[in-house]
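Engineer: As they're listed, the protein sequences go chains A and B.
Numbered per my numbering, the first sequence spans residues 5 to 753.
Numbered per my numbering, the second sequence spans residues 20 to 173.
Don't be surprised by glycine CBs; every beta carbon is placed ideally from N, CA and C.
Keep in mind that this is a model prediction, so the values were computed, not measured.
Have a look at the structure that comes next, please.
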Amino acid sequence: MSAVGTPVTRVDGPAKVTGAARYSAEISLPGMTYLAVVGATVASGRVTAIEADAARAAEGVLAVLTPEELPKIAAEPHLLPSLVGGPAPGESFFPMQDDVVQYAGQPVALVIAEEYEQAHHAASLVRISYQPTKSITTIEEGREQAYEAQRLFGGLMPARSERGDVEAGLAGADVRVEVAYKMAANHHNPIEAPSTVATWDGGNLTLYESTQGIRATQQTVAQLLGLPIARVRVITRFVGGGFGGKAMVWPNVTLTAMAARYVGRPVKLMLTRPQMFTSNGHREEQEQRIAIGAARDGRLTAIRHEKLSITSPFDDWAEPATGVSSQLYGCENFLGVHRLIKGNTMTPTFTRGPGESLGVFTLETAMDELAYQLAIDPVELRVRNHTPVDPFGNPWSSDGLVECLRLGAERFGWSERNPAPRTTRDGEWLVGTGVAAAAYPIAFFMPPQRARARIFADGSAIVQTSTQEFGTGVLTMATQVGADALGVALREMEFQAGDSDLPNSTAAVGSAGAGMVSSAVHAAGTALREQLIALAVSDEQSPLHGAGPGSVKVADGHLTSAERPGAVDTYRELLSRNHLSDAEALGMWRPPPLDTPHGLLTFGAQFAEVAVDPELGLVRVRRLNGAFAPGRVLNPLLAHSQLMGGMLWGMSQALLEGNHMDPRYGRWAETNLAEYLVPVNADAPEVRVDFVDVDDELVGPLGAKGVGEIGQVGAAAAIANAVFHATGRRIRSLPMAPELVMDPAVGGR
Amino acid sequence: MPLQINGRQHVVVLEPRVSLLDALREHLDLTGSKKGCDQGTCGSCTVWIDGRRVLACLTLAVAASGHEIVTIEGLADGDQLHPMQRAFIEYDAFQCGYCTSGQIMSAIKVIEEGNAGTDEDIGEFMSGNICRCAAYPNIRAAIRHVRDEAGGRS
Numbered sequence: 005m006s007a008v009g010t011p012v013t014r015v016d017g018p019a020k021v022t023g024a025a026r027y028s029a030e031i032s033l034p035g036m037t038y039l040a041v042v043g044a045t046v047a048s049g050r051v052t053a054i055e056a057d058a059a060r061a062a063e064g065v066l067a068v069l070t071p072e073e074l075p076k077i078a079a080e081p082h083l084l085p086s087l088v089g090g091p092a093p094g095e096s097f098f099p100m101q102d103d104v105v106q107y108a109g110q111p112v113a114l115v116i117a118e119e120y121e122q123a124h125h126a127a128s129l130v131r132i133s134y135q136p137t138k139s140i141t142t143i144e145e146g147r148e149q150a151y152e153a154q155r156l157f158g159g160l161m162p163a164r165s166e167r168g169d170v171e172a173g174l175a176g177a178d179v180r181v182e183v184a185y186k187m188a189a190n191h192h193n194p195i196e197a198p199s200t201v202a203t204w205d206g207g208n209l210t211l212y213e214s215t216q217g218i219r220a221t222q223q224t225v226a227q228l229l230g231l232p233i234a235r236v237r238v239i240t241r242f243v244g245g246g247f248g249g250k251a252m253v254w255p256n257v258t259l260t261a262m263a264a265r266y267v268g269r270p271v272k273l274m275l276t277r278p279q280m281f282t283s284n285g286h287r288e289e290q291e292q293r294i295a296i297g298a299a300r301d302g303r304l305t306a307i308r309h310e311k312l313s314i315t316s317p318f319d320d321w322a323e324p325a326t327g328v329s330s331q332l333y334g335c336e337n338f339l340g341v342h343r344l345i346k347g348n349t350m351t352p353t354f355t356r357g358p359g360e361s362l363g364v365f366t367l368e369t370a371m372d373e374l375a376y377q378l379a380i381d382p383v384e385l386r387v388r389n390h391t392p393v394d395p396f397g398n399p400w401s402s403d404g405l406v407e408c409l410r411l412g413a414e415r416f417g418w419s420e421r422n423p424a425p426r427t428t429r430d431g432e433w434l435v436g437t438g439v440a441a442a443a444y445p446i447a448f449f450m451p452p453q454r455a456r457a458r459i460f461a462d463g464s465a466i467v468q469t470s471t472q473e474f475g476t477g478v479l480t481m482a483t484q485v486g487a488d489a490l491g492v493a494l495r496e497m498e499f500q501a502g503d504s505d506l507p508n509s510t511a512a513v514g515s516a517g518a519g520m521v522s523s524a525v526h527a528a529g530t531a532l533r534e535q536l537i538a539l540a541v542s543d544e545q546s547p548l549h550g551a552g553p554g555s556v557k558v559a560d561g562h563l564t565s566a567e568r569p570g571a572v573d574t575y576r577e578l579l580s581r582n583h584l585s586d587a588e589a590l591g592m593w594r595p596p597p598l599d600t601p602h603g604l605l606t607f608g609a610q611f612a613e614v615a616v617d618p619e620l621g622l623v624r625v626r627r628l629n630g631a632f633a634p635g636r637v638l639n640p641l642l643a644h645s646q647l648m649g650g651m652l653w654g655m656s657q658a659l660l661e662g663n664h665m666d667p668r669y670g671r672w673a674e675t676n677l678a679e680y681l682v683p684v685n686a687d688a689p690e691v692r693v694d695f696v697d698v699d700d701e702l703v704g705p706l707g708a709k710g711v712g713e714i715g716q717v718g719a720a721a722a723i724a725n726a727v728f729h730a731t732g733r734r735i736r737s738l739p740m741a742p743e744l745v746m747d748p749a750v751g752g753r
Numbered sequence: 020m021p022l023q024i025n026g027r028q029h030v031v032v033l034e035p036r037v038s039l040l041d042a043l044r045e046h047l048d049l050t051g052s053k054k055g056c057d058q059g060t061c062g063s064c065t066v067w068i069d070g071r072r073v074l075a076c077l078t079l080a081v082a083a084s085g086h087e088i089v090t091i092e093g094l095a096d097g098d099q100l101h102p103m104q105r106a107f108i109e110y111d112a113f114q115c116g117y118c119t120s121g122q123i124m125s126a127i128k129v130i131e132e133g134n135a136g137t138d139e140d141i142g143e144f145m146s147g148n149i150c151r152c153a154a155y156p157n158i159r160a161a162i163r164h165v166r167d168e169a170g171g172r173s
């Protein structure tokens, strides 16, 4: 029986519900000391003096490190996404190398003390003088300096995409929609703060790190410290959420290693909640504009999609926002452009549904407006514009968009909808429904992925790779995949991860984790199975001796062959007869080439019902339905959870989350979970997730396309479209806060 | 100072400014109670003091001395999980697991307090515990299950 595809509960469940699961700040080592980081309070300028005598004299303080004491890094960091598989600093900048301040919160001094309280108290005693210079931290302040970016993602991708003649396509269209949105910055806010424990043993460094990429951490820290990669080991048992904020390697990790080397003892850093707003990137403040032209029958003739956003002084970073709008629908004329403003923030970074979730928001709210202009049902409009090929004419590796729209519409009861806005009431509440398509790119930037499978004489087995569990369920999923690949029962299989000494697995980002890990684990389990089958058929004492290897099947550790009816061998007996205490095999999965002749998107459809109080501006999401085609669903229980979480992230993006810079000081206005709103239980409606089956033979041996991002994409657009349907008003900013939704026409009633 | 935790007496030497949460995590190696915000906004540090749910990050250890403290580590009876722990696994009421200790400590009390009658009530009275993975519908399902198994005790 196959373990893959069954709703197995999490193998780490017992550890997590009993509090036994250890996260990175929960490692205890003899002689542990505590690090507190002092961040800059200005956004731009120079440090003119650091007065640290009082801090140095405070009880328990072991060291105060300023740029004078801190060693210089061995190499300049160059930003490159961790999915590429090499060093992956979050920004092309390392603090405390000189006296320049580039952004508020940038580390300017480190305090190491015996106790946590002592470190933080002493940090409060460090007096820093600045010579501030004028900062730019908002789009409004920097608008005149905007420039068109050439490359994004550390040079990995072009920033402009163009085909046909978009202006002619717009000019020749029967109808046009042109809209613009302002989108506030987002912060990941995992509940576990980024945490590091660093300990040195001679020239060898061990890091216990809360990261989505232990190999990326290993390589980045080795590079910055000038150490051989082999001398840096990263261990990550559990991560308390990532959402992109732990996808890259930020300066605090290397600073902790430097502090530990300086004091000669283990050092623990756990960032404070306010520090999380200035330490691990954010989704940048941005504006998006889109112009769509269509013929009377709804067929698109042109799309022009532009994004303007703020980046850091040292990186051309923007989450790519036009990758989906350039290919989701058939359209001959397209232009996608990213414009940037250099501002005094740290380099922004991946945030769940990176780039494309807001790009799709813009596209899909514009499609809703187009549907109203043309008086075509919004589901039907999308179906009409579906294309079986990508813009290069390559067929999708697997599709499912139309099926998702149809299934979602049926399950949601879409056909009962009266399309006229502001026509449905429930008491004082205005009720509306909305739809949006969802799509997210699949990226094959990663190097080959490896795993090791090993079986022991008692029939128990283990599969290992250097990935990490941050809530995706990878430990459970990989156990299932490993058991099936080797042909043993689920209870016999262990999956081990969380250690950079294990075979290579690249950072789990961009919804690539499930595909990479399942492919490598499958390859390892299969390689070991084939090795053992070869042993059995050549073993004269095996009941299967002489059978064709291809004829041998293995299940639950039992080997059988159609060529030998009734004959059974077992892994245990096979190993025992051959005097083997174990057997092992490495497996490797090589991703398809970047120029594979396939379109690469994961598809879905989102449906939302909202109730709006027009006087108070409150929006309550009553129902969220999503239908998705993520390829093979490895574990429906866990996939459902991840998609549901993504959809609620989309709700949050639509209604709750946003941070703003206070331009007077160049600092974030909201730096805690009371002011930066994230959904609480009462905000979350019931969520329905349906799957559309699609076979995908390209993306990996199991055909899994990933579920980390697609749940979020389109959810905010479906909600915004529902708000329009409820109220008759389009809100042009995210989040759609009550003061924006509040209807002036009904005020003072 | 003496601290009575999960039915066991601990004696620790602590500065008066040490929070109960840091006492548990940094001094007693009881790391099941989580530090999410250290500001009383996320609920991941929820423990019980004298049977009431409280935020360990906003409680000084010295103020908890002499009171009965229960943490997530005190719920299971050996290998026998508390029904709420079992329900959280069965309904997949967590993903990363970092808020889970606090969610479970709150969830048990929400039923005991009589505030788990409807989904709206559960949502409201569980809103002090943030789950960034947004497992909320599954958390409500787990609580409903335990409430109904308890035979309408709430």
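#1: Thinking C-alpha only, which one of ALA465(A), ALA295(A), GLY397(A), MET187(A) is nearest ARG576(A)?
#2: As a quick exercise: from ALA440(A), ASP505(A), LEU211(A), ALA127(A), pick the residue whose alpha carbon is nearest that of ALA202(A).
#3: Please confirm if SER146(B) has its CB atom under 8 angstroms from at least one CB of chain A.
#4: Give me the subset of the segment 597-630 of chain A whose CB atoms are less than 8 angstroms from a CB atom of chain B, sorted by chain position.
#5: When we look at the beta-carbon of ASP57(B) and count the other beta-carbons within 10 Å, is it buried (16 or more) or exposed?
#6: Which residue comes first and which comes last in the alpha helix (DSSP H) that contains ALA82(B)?
#7: With 16 as the cutoff for other CB atoms within 10 Å, does GLY23(A) come out buried or exposed?
#8: Going by DSSP, name the residue or residues bridged to ILE132(A).
#9: Under the rule that 16 or more other beta-carbon atoms within 10 Å means buried, what is LYS53(B), buried or exposed?
#10: Three-state secondary structure (DSSP) at TRP4(A)?
#11: Against chain B, which members of the segment 666-687 of chain A pass a CB distance test of less than 7 angstroms?
#12: Can you check whether the C-beta of GLU87(B) is within less than 8 angstroms of a C-beta belonging to chain A?
#13: Report the residue from ASP403(A), ILE233(A), HIS124(A) whose alpha carbon sits nearest the alpha carbon of LEU702(A).
#14: Determine the DSSP secondary structure at ALA342(A), reduced to helix, strand or coil.
#15: Does DSSP put SER737(A) in a helix, in a strand, or in coil?
#16: Find the nearest neighbour of VAL485(A) within the set ALA708(A), SER28(A), ALA226(A), judged by alpha-carbon distance.
#17: Output the residue ranges of the alpha helix (DSSP H) runs that lie fully inside the segment 203-287 of chain A and measure 4 residues or longer, sorted by chain position.
#18: Taking DSSP's pairing of strands, which residues face SER199(A) in a bridge?
#19: Closest to ALA83(B) by C-alpha separation, out of GLY70(B), GLY121(B), GLU92(B), would be which residue?
#20: Between SER361(A) and VAL717(A), is the Cβ-Cβ spacing less than 8 angstroms?
#21: Buried or exposed for LYS138(A), please, with buried defined as at least 16 other CB atoms from any protein chain shown within 10 angstroms of its CB.
#22: Based on the DSSP output, what are the partners of LYS709(A) in its beta bridges?
#23: Alpha carbon to alpha carbon, how far is ASN508(A) from SER173(B)? Give it in angstroms, no decimals.
#24: At least one CB of chain B closer than 8 angstroms to the CB of GLU213(A): is that the case?
#25: Run through chain A and tell me which residues come within less than 8 angstroms of LYS54(B), C-beta to C-beta.
#26: Residue ranges of each beta strand (DSSP E) run of no fewer than 3 residues wholly in the segment 64-135 of chain A, ordered along the chain?
#27: May I have the straight-line CA-CA distance separating GLN135(A) from ASN348(A), to the nearest angstrom?
#28: What is the DSSP secondary structure of MET36(A), reduced to helix, strand or coil?
#29: Run through DSSP, which three-state label would THR60(B) get?
#30: Between PHE107(B) and ILE123(B), how many whole angstroms is the CB-CB distance? I'm expecting something under 8 angstroms.
#31: Please report how far the alpha carbon of HIS664(A) lies from the alpha carbon of GLY529(A), in whole angstroms.
#32: Let me check understanding here. Comparing Cα to Cα, which of GLY670(A), PRO11(A), HIS124(A), TYR151(A) lies closest to ASP111(B)?
#33: Mark HIS583(A) as exposed unless 16 or more other C-beta atoms lie within 10 angstroms of its C-beta, in which case mark it buried.
#34: Below 6 angstroms CB to CB, which residues in the same chain sit around LEU209(A) once its five sequence neighbours on both sides are set aside?
#35: Suppose only complete runs of 3+ residues qualify. What are the beta strand (DSSP E) ranges in the segment 506-582 of chain A, listed by chain order?
#36: Could you tell me the distance, in whole angstroms, from the CA atom of ILE162(B) to the CA atom of ILE149(B)?
Structural biologist: In short:
#1: ALA465(A)
#2: LEU211(A)
#3: yes
#4: none
#5: buried
#6: 80-83
#7: buried
#8: ILE54(A)
#9: buried
#10: The structure shown does not extend to residue 4(A), since chain A is modelled only from 5 through 753, so no value can be given for it.
#11: ASN676, LEU677, ALA678, VAL682, PRO683, VAL684, ASN685, ALA686
#12: no
#13: ASP403(A)
#14: The residue you asked about is not Ala; residue 342(A) is His in the sequence shown. HIS342(A): strand per DSSP, three-state reduction.
#15: strand
#16: ALA708(A)
#17: 218-229, 255-267
#18: MET274(A)
#19: GLY70(B)
#20: yes
#21: exposed
#22: DSSP lists no partner for LYS709(A).
#23: Note that SER173(B) scores a pLDDT of 41, beneath 50, so its modelled location is shaky and nothing firm can be said.
#24: no
#25: ALA29, ALA197, MET274
#26: 65-69, 111-117
#27: 15 angstroms
#28: coil
#29: coil
#30: 6 angstroms
#31: 49 angstroms
#32: PRO11(A)
#33: exposed
#34: VAL236, ALA261
#35: 556-559, 562-565
#36: 16 angstroms
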